[in-house]
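K.L.:
Please read through the structure below; I'll follow up with questions.
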Amino acid sequence: MAFWANKTVVVAFGGGIAAYKTLELIRLLREQGARVWPVLTASATQFVTPLTVQALAGHPVYQDLFTPQAADGMDHIRLAQEADLLIIAPATANRIAKLASGLADDLLSALALVRRKPIVLAPAMNSGMWQHPATQRNISQLQADGLLLVGPESGALACGEQGVGRMAEAERILEAGRRLLSPKILLGHRILLTAGPTREELDPVRYISNRSSGRMGWAIAQAALRAGAEVTLIHGAVEMAPPWGAEALAVESAQEMYEATLQQWDKWTRPGQQLSCAILTAAVADYRPASRRASKIKKELDGELSLKLTQNPDILLALGERANRLAQKNRARPLLVGFAAETAETEDAAAQLVPLAKEKLARKGCDLLLLNNVLAPGCAFGSLTNQVTLLHRSGQQEIWPLLAKEEIGERLVQTLQNRL
Ligand code: PMT
Numbered sequence: 009m010a011f012w013a014n015k016t017v018v019v020a021f022g023g024g025i026a027a028y029k030t031l032e033l034i035r036l037l038r039e040q041g042a043r044v045w046p047v048l049t050a051s052a053t054q055f056v057t058p059l060t061v062q063a064l065a066g067h068p069v070y071q072d073l074f075t076p077q078a079a080d081g082m083d084h085i086r087l088a089q090e091a092d093l094l095i096i097a098p099a100t101a102n103r104i105a106k107l108a109s110g111l112a113d114d115l116l117s118a119l120a121l122v123r124r125k126p127i128v129l130a131p132a133m134n135s136g137m138w139q140h141p142a143t144q145r146n147i148s149q150l151q152a153d154g155l156l157l158v159g160p161e162s163g164a165l166a167c168g169e170q171g172v173g174r175m176a177e178a179e180r181i182l183e184a185g186r187r188l189l190s191p192k193i194l195l196g197h198r199i200l201l202t203a204g205p206t207r208e209e210l211d212p213v214r215y216i217s218n219r220s221s222g223r224m225g226w227a228i229a230q231a232a233l234r235a236g237a238e239v240t241l242i243h244g245a246v247e248m249a250p251p252w253g254a255e256a257l258a259v260e261s262a263q264e265m266y267e268a269t270l271q272q273w274d275k276w277t278r279p280g281q282q283l284s285c286a287i288l289t290a291a292v293a294d295y296r297p298a299s300r301r302a303s304k305i306k307k308e309l310d311g312e313l314s315l316k317l318t319q320n321p322d323i324l325l326a327l328g329e330r331a332n333r334l335a336q337k338n339r340a341r342p343l344l345v346g347f348a349a350e351t352a353e354t355e356d357a358a359a360q361l362v363p364l365a366k367e368k369l370a371r372k373g374c375d376l377l378l379l380n381n382v383l384a385p386g387c388a389f390g391s392l393t394n395q396v397t398l399l400h401r402s403g404q405q406e407i408w409p410l411l412a413k414e415e416i417g418e419r420l421v422q423t424l425q426n427r428l
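The number in this note's numbering is simply the position in the sequence shown, starting from 1, with 8 added.
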């Protein structure tokens with residue numbers, strides 16, 4: 009929310025059917041507190057009316073290069089210089105060609121030519137036009153000029169064909185803008201993350217799991233990506249799509265998560281590679297059924313069923329041992345960050361959690377550990393907020409207030425920047 013507050017974004021519509029999605033982009037930007045200055049090209053007015061755009065943006069629409077009614081008649085210069093971000097969506101093949109060749113024959117092309125600050129380009133067109141060598145040449149040129157491309161995506165196109173050419177969804181364009189504007193405090197760093205629950209199969213139709221939604225891990229991944237890090241995210245079954253730009257590996261069971269995480273750790277700590285940090289937010293099942301039945305377990309006639317469980321491997325513990333081995337060989341030791349999900353119903357019980365968490369931090373070889381009491385208000389599995397106490401291996405302790413998980417992700421990224 010706070011990120012977009014007081015930021016000014018020029019949202020420029022090219023003339024394409026995807027313009028209807030740009031209306032949603034304006035709505036999202038305004039909802040998050042941004043000021044929107046809308047620009048419509050002549051052909052864009054064939055798809056959306058200036059009145060609709062003005063009403064959504066809460067600001068008059070700029071349409072003409074020559075506006076005698078403007079104080080100095082130079083909207084193209086003012087818009088280019090004063091806005092924090094320029095988003096061109098949809099960017100048609102014609103618009104892309106104009107931008108690539110530096111034409112300045114209408115308001116949008118003139119302001120893009122003046123602008124030296126960030127520009128996001130969201131192409132949308134028929135897949136034949138997109139794949140044409142001329143468009144691909146122009147796109148390469150614009151990327152070399154520093155524009156950030158978002159999309160196009162594959163799917164059903166307005167012309168009835170299937171293929172590449174759909175404009176990215178409004179949320180993704182918004183995220184691209186945010187990434188472009190965010191300080192790159194983790195540029196050059198690679199981060200390994202686990203998130204979400206694991207599922208331990210009992211039979212072909214049932215499993216044991218927990219209520220983790222993956223939100224905490226997603227928020228950290230998102231913050232790290234915004235800060236310029238490369239992110240590998242190993243996650244259990246969650247309802248969210250992986251954050252844009254993360255290398256995401258989906259697993260089900262604790263054993264699969266263990267194998268995938270160790271494999272990624274080994275890959276990124278090989279000589280010549282550099283893993284900066286591993287953050288384990290996943291709620292990994294400590295136990296799994298000792299055996300998985302091949303067919304559905306039948307209801308017992310006496311009304312009781314006993315399950316034998318066996319312990320799963322501990323991923324954090326295994327990484328702690330690997331990290332120590334690297335340090336013993338005088339190799340760079342990635343920072344190891346664990347979480348501790350504890351339950352305390354009373355304040356007295358909550359006071360006992362820190363010593364427990366400190367013991368966990370030491371036993372599992374962590375550098376940092378975030379303790380959360382998942383019974384505290386606003387801290388449950390699946391909630392949008394959380395309250396954590398950050399414990400450092402040195403003994404230092406920081407009590408963070410109840411925050412949106414997104415903000416916890418940002419604070420953790422800040423902490424990592426200080427430590428790395
Ligand atoms: O996903 P959300 O709905 O957003 O909820 C977030 C969360 C509550 C899941 C998250 O904030 C959290 O606390 N994650 C850790 C959950 C957990 O398993 O805690 P633990 O105290 O049991 O484990 C301690 C640490 O060891 C954790 O970093 C855990 O990932 C790791 N672990 C545990 C068991 C195991 N077999 N392997 C592990 O790596």
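Glycine included, every Cβ here is placed at the ideal spot set by N, Cα and C. Keep in mind that this is a model prediction, so the values were computed, not measured.
Pull up the distance between the alpha-carbon of A293 and that of G204, whole angstroms please.
P.N.:
11 Å
K.L.:
Could you spell out where the alpha helix (DSSP H) holding D356 opens and where it closes?
P.N.:
DSSP places D356 in the uninterrupted alpha helix (DSSP H) bounded by E355 to A359.
K.L.:
DSSP three-state call for P191: helix, strand or coil?
P.N.:
coil
K.L.:
State the DSSP-derived secondary structure class of T30, mapped to helix, strand or coil.
P.N.:
helix
K.L.:
Would you say the beta carbon of S109 comes nearer than 8 Å to a heavy atom of ligand 1?
P.N.:
No; taking the cut-off as 8 Å, the Cβ of S109 has no heavy atom of ligand 1 nearer than that.
K.L.:
Could you please give me the residues that DSSP links to C285 through a beta bridge?
P.N.:
I199 and L343
K.L.:
Mind checking which residues open and close the beta strand (DSSP E) that includes T16?
P.N.:
Residues T16 to F21.
K.L.:
Is S220 a contact residue of ligand 1, with contact defined as CB to any heavy atom under 8 Å?
P.N.:
yes
K.L.:
Out of M265, G328 and G390, state which residue places its alpha-carbon closest to the alpha-carbon of D375.
P.N.:
Put simply, of M265, G328 and G390 the residue whose alpha carbon is nearest the alpha carbon of D375 is G328.
K.L.:
Measure the C-alpha to C-alpha separation of C387 and A331 and round it to an integer number of angstroms.
P.N.:
A331 has its alpha-carbon roughly 30 Å from the corresponding atom of C387.
K.L.:
Kindly indicate which three-state DSSP category H243 falls into: helix, strand or coil?
P.N.:
strand
K.L.:
The alpha helix (DSSP H) spanning V396 covers which residue range?
P.N.:
Unbroken run through V396 is the beta strand (DSSP E), V396 to H400; no alpha helix (DSSP H).
K.L.:
May I have the straight-line CA-CA distance separating G236 from R186, to the nearest angstrom?
P.N.:
11 Å
K.L.:
Based on DSSP bridge pairs, tell me the residues matched to S303.
P.N.:
Answer is none; S303 lacks a bridge partner.
K.L.:
Taking only the alpha-carbon atoms, compute the straight-line gap between E32 and T277 and give it to the nearest angstrom.
P.N.:
43 Å
K.L.:
What does the alpha-carbon distance come out to for the pair F55 and A42?
P.N.:
Going by the C-alpha atoms only, they are around 24 Å apart.
K.L.:
Between S284 and ligand 1, is the CB less than 8 Å from at least one heavy atom?
P.N.:
no
K.L.:
For I25, which residues from the same chain have a beta carbon less than 7 Å from its beta carbon, with the 5 sequence-adjacent residues on both sides left out?
P.N.:
F55 and A166
K.L.:
Within 10 angstroms of its Cβ, does F74 collect 16 or more other Cβ (buried), or is it exposed?
P.N.:
By the neighbour-count rule (16 or more Cβ atoms within 10 Å), F74 is not buried but exposed.
K.L.:
Nearest to L200 by CA position, among N381, V239, Q62 and A245, is which residue?
P.N.:
That would be V239, whose Cα lies nearest to the Cα of L200.
K.L.:
Rounded to the nearest angstrom, what separates I287 and E208 at their Cα positions?
P.N.:
22 Å
K.L.:
Would you mind working out which of G244, G225 and E264 sits nearest P320, comparing C-alpha positions?
P.N.:
Note that residue 320 is Asn in the sequence shown, not Pro. Per the Cα distances, E264.
K.L.:
Between K366 and ligand 1, is the CB less than 8 Å from at least one heavy atom?
P.N.:
no
K.L.:
Around the Cβ of Y266, are there at least 16 other Cβ atoms within 10 angstroms (buried) or fewer (exposed)?
P.N.:
buried
K.L.:
What is the residue span of the alpha helix (DSSP H) that G417 lies within?
P.N.:
K413 to R427
K.L.:
So who's on the other strand from T393, going by DSSP bridges?
P.N.:
A412
K.L.:
Under 8 Å: does the beta carbon of R223 sit that close to some heavy atom of ligand 1?
P.N.:
At a threshold of 8 Å, R223 counts as near ligand 1, since its beta carbon sits closer than that to one of the ligand's heavy atoms.
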